[in-house]
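A quick write-up on the structure given underneath.
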Amino acid sequence: MAALLLTGCEGDQEEIKAWMEQQKREVKPSVKPIDPPKKFDPQPYAALDGVEPFSNQKLTVALKQEAQRTSVLLAGEQNRRKEPLEAYPLDSMSMVGSVAKQGRQFALLKVDALLYQVKVGDYLGQNFGKVTKITETEVALREIVQDAAGEWTERISSLQLQEKAQ
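The following block contains the structure:
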């Protein structure tokens, strides 16, 4: 019986194969024609006409542009003598107290386990920070920093009195 079933299916396969061959011959694929390649137009190398990228002339122009960008904010700052607290970043300093002497207010700043007295007009931090005001709980200063565009701008910062946990 199994042999009868197998022989019955064999005839259908021949018909299917014949139908598939007929379909292959009748179906025509529709392929769009490929665009012809663009004409290549060679260009002469003209690097000798421009400025050499590593020339002194190009460096001089770049340095002049940089010098023009340096703001008037920095004019006096770059020529003065640096103070010791300008070697430390502002976040490494902590205000631990304040003292009034002869009518002037001084802040006590702790940096690297050393204590410094700071008055209005002193400089601290690495961003040209100048102390503008001292109160019992805060040291206010004006810093000169570069923004994202490379322009120099003023920024107001402060150090708050650090109270020791008991």
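Residue numbers (full-length UniProt numbering): 1 to 166. Just so it is clear, CB atoms sit at the ideal spot from N, CA and C, and this is done for glycine as well.
Whole angstroms is fine: what's the gap from L109's alpha carbon to G97's? Looking at the two C-alpha atoms, the distance is approximately 7 Å.
G121 and E143 - do their beta-carbons sit closer together than 8 Å? Not closer than 8 Å, so no.
In this structure, does DSSP put S98 in helix, strand or coil? Looking at S98 - three-state DSSP - the assignment turns out to be strand.
Across which residues does DSSP place K130 in a beta bridge pair? For K130, which the question treats as bridged, DSSP gives the partners Y123, R142.
Taking 8 Å as the threshold (C-beta atoms), are Q160 and E138 in contact? With respect to Q160, E138 sits close: the two C-beta atoms are nearer than 8 Å.
Buried or exposed: which applies to V131, given that a residue is buried once 16 or more other Cβ atoms fall within 10 Å of its Cβ? With 16 or more other Cβ atoms inside 10 Å of its own Cβ, V131 counts as buried.
Can you tell me the Cα-Cα spacing of I156 and L141, whole angstroms? When rounded, the distance between both Cα atoms is 6 Å.
Buried or exposed: which applies to V61, given that a residue is buried once 16 or more other Cβ atoms fall within 10 Å of its Cβ? The C-beta of V61 has fewer than 16 other C-beta atoms within 10 Å across all chains shown, which makes the residue exposed.
Tell me, to the nearest whole angstrom, how far the beta carbon of V145 is from that of N127; I am working on the premise that it is less than 8 Å. Yes, V145 and N127 are in contact; Cβ-Cβ is about 5 Å, under 8 Å.
For a test of the three-state rule: what should DSSP assign to V61, helix, strand or coil? Here V61 carries a helix assignment [DSSP, helix/strand/coil].
Restricting to Cα atoms, I'd like to know which of G129, L63, P44 is closest to G76. The shortest C-alpha separation from G76 is found at G129.
Exposure label - V118; buried when at least 16 CB within 10 Å: In summary, V118 is buried, with 16 or more beta-carbon neighbours lying within 10 Å of its beta-carbon over all protein chains present.
Proximity test, V120 beta-carbon vs the ligand NAD heavy atom, cut-off 7 Å: For the ligand NAD, the structure offers nothing, since it holds no ligand at all.
Cα-Cα separation, Q105 to M93: Those two C-alpha atoms are separated by around 18 Å.
Please classify L59: is it buried, with 16 or more other beta-carbons within 10 angstroms of its beta-carbon, or exposed? Exposed, because fewer than 16 other Cβ atoms sit within 10 Å of the Cβ of L59.
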